[in-house]
Amino acid sequence: MKQYIEPFSHATEIGKALEKSILLTTKRGDEVNTMTIGWGFLGIMWGKPMFMALVRESRYTKQLLDENGEFTINVPLGTDEKEILAYCGTRSGRDVDKIKDMKLTLEEPDVISVPGIREFPLTLECRTVYKQGMEEAGIPQSVLDRHYPVKTIKRDIHTLYYGEILSSYIIS
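Numbering (the numbering used here), first residue to last: 1 to 172.
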């Protein structure tokens, strides 16, 4: 069962959860993949509610998101999901099935093709309306040094995905 909400009525919960991490879920065909994110923004753009998610170039989730263009934001409410967040933040969907491994329960979506996750009940269904790769030249050196160290030939910079929030609810 879903309790429909206005996303901004739960902005405080979303913001506080984001400080600790939440999940971003997407899919390709029948393959559902989720990843832990700790950066994002809830706001208004072009007069529409948006969630802006940041996904690094190297992430498997980025491949799926680029193909599908849809994602859910999955926020825990009043529960400590550290084990799930740690697992989903340190494993790649290229190598493991995080949904199966963590015994996550998928919830049928309303508008998009990507399901929510019952264990992370506050759900935003989003469709990408704009994406933009971050430009290294515009990032302060102190931020580059801390968050984007050079690991190989280039830094693993984020792409920003502006997702229009098409449905928002709490799964019960």
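Using N, Cα and C, we set each Cβ at its ideal position, and we do this for glycine too.
Helix, strand or coil at residue i [DSSP, three-state]
i	result
GLY29	coil
ARG56	strand
GLU13	helix
GLU164	strand
ILE5	coil
THR72	strand
VAL129	strand
GLU19	helix
GLU107	strand
GLY138	helix
GLY89	helix
THR34	strand
LYS98	helix
LYS62	helix
ILE112	coil
ILE171	strand
Check whether residue i and residue j have beta carbons under 8 Å apart
i	j	result
LYS98	THR26	no
ILE73	LEU144	no
LYS131	TYR161	yes
LEU122	VAL32	no
Cut-off 7 Å between Cβ atoms - residues of its own chain near residue i, not counting five sequence neighbours on either side
i	result
ARG28	LEU64, GLU67, ASN68
GLN11	The residue asked about is misnamed: residue 11 is Ala in this sequence, not Gln. Result list for ALA11: LEU42, in chain order.
GLY133	ILE157, THR159
Chain-order list of residues whose beta-carbon lies under 6 Å from that of residue i (same chain, five-residue window excluded)
i	result
GLY38	SER21
SER168	ILE5, PRO7, LEU124
Own chain, CB closer than 8 Å to residue i, minus 5 neighbours either side, in chain order
i	result
THR257	As shown, the chain starts at 1 and ends at 172. That puts residue 257 outside it, with no answer to give.
ASP101	TYR87, ARG91
VAL55	LEU24, MET35, ILE37, THR61, LYS62, LEU65, HIS158, THR159, TYR161
Inter-residue Cα distance where the pair is residue i and residue j
i	j	result
GLN141	ASP110	42 Å
VAL150	GLU19	25 Å
LYS82	SER58	23 Å
SER172	ALA137	45 Å
LEU77	GLY89	19 Å
ILE112	ASP30	14 Å
MET52	GLU164	9 Å
Endpoints, beta strand (DSSP E) assigned at residue i
i	result
ILE44	40-45
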